[in-house]
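Student:
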Amino acid sequence: MKPTHIEHIGIAVRNLEESIAYYEQVLGLTCYAVEEVADQKVKTAFFMVGQTKIELLESTDPEGPIGKFIEKKGEGVHHLAFAVDNLEDALQETAEKGIQLIDKAPRKGAEGMHIAFLHPKSTFGVLTEFCEDKSKQ
Ligand code: ZN
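Residue numbers are given in the working numbering: position 38 of the sequence shown equals residue 20, and the series is strictly consecutive.
In structure tokens, the structure reads:
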């Protein structure tokens, strides 16, 4: 398994609108999509930087994963997402190497991606996501 690139960097924010203003007005990026992912209890906003996206995550529920993360650690970098060609193979290979998976099978993320998370306990503290872009196949 070898990731093709960093698909996105997930950043937990308290207020999507205020943080979008920073990325647009200070960094000069353009928010090209806002999407709610009910499954993960988040509202997301996307920016493209070269081949890599910035994914801002605002919690829609204090009990959701982002709500809990912000309560514990505050705002900031939440996860790193690698693009892979075959998510099921990547998960199997990773599990065989003794890495703890949060998702044993792919699930649906934003933008029609299939995604799965690895446990940060197994990845030196970085919540790691694998993404497979099903729309490109
Ligand atoms: Zn993500």
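For each residue, glycine too, the CB sits at the ideal point set by N, CA and C.
Is the stretch 62 to 73 touching the stretch 45 to 54 in the sense that three or more CB pairs, one from each, lie closer than 8 angstroms?
Tutor: With the cut-off at 8 angstroms, the stretch 45 to 54 and the stretch 62 to 73 do not touch.
Student: Just the Cα atoms here: how many angstroms apart are S117 and E37?
Tutor: If I take the Cα positions, the gap works out to 18 angstroms.
Student: Mind the definition here: the stretch -2 to 12 touches the stretch 67 to 83 only if three or more C-beta pairs lie below 8 angstroms; say whether that holds.
Tutor: No, the stretch -2 to 12 does not touch the stretch 67 to 83.
Student: Please classify T26 as buried or exposed, where buried requires at least 16 neighbouring CB atoms within 10 angstroms.
Tutor: Burial call: buried.
Student: What's the call for V24, buried or exposed, on a 16-neighbour Cβ count within 10 Å?
Tutor: The residue in question, V24, is buried, as its Cβ has 16 or more Cβ neighbours within 10 Å.
Student: Please classify A87: is it buried, with 16 or more other beta-carbons within 10 angstroms of its beta-carbon, or exposed?
Tutor: Exposed, since its Cβ has fewer than 16 Cβ neighbours within 10 Å.
Student: Suppose the cutoff is 7 angstroms on Cβ atoms and the five residues either side in sequence are ignored; what does the same chain contact list for E57 look like?
Tutor: Result list for E57: A(-6), V(-5) and R(-4), in chain order.
Student: Quick one: what does DSSP say T12 is sitting in, helix, strand or coil?
Tutor: Three-state DSSP puts T12 in coil, outside helix and strand.
Student: Within its chain, find whatever has a CB closer than 6 angstroms to the CB of E(-11); leave out the 5 residues flanking it on each side and keep chain order.
Tutor: Here the set comprises A63, A65 and C113.
Student: Near A92, what residues of its chain come up, given a Cβ to Cβ distance below 6 angstroms and the 5 sequence neighbours on each side ignored?
Tutor: E17, V19 and T26.
Student: Compute the Euclidean distance between the alpha carbons of M95 and D115, then round it to the nearest angstrom.
Tutor: Going from the Cα of M95 to the Cα of D115 covers about 5 angstroms.
Student: Can you give me the Cβ contacts of T34 inside the same chain, cut-off strictly under 6 angstroms, excluding the 5 residues immediately before and after it?
Tutor: Same-chain partners within the cutoff: I(-12).
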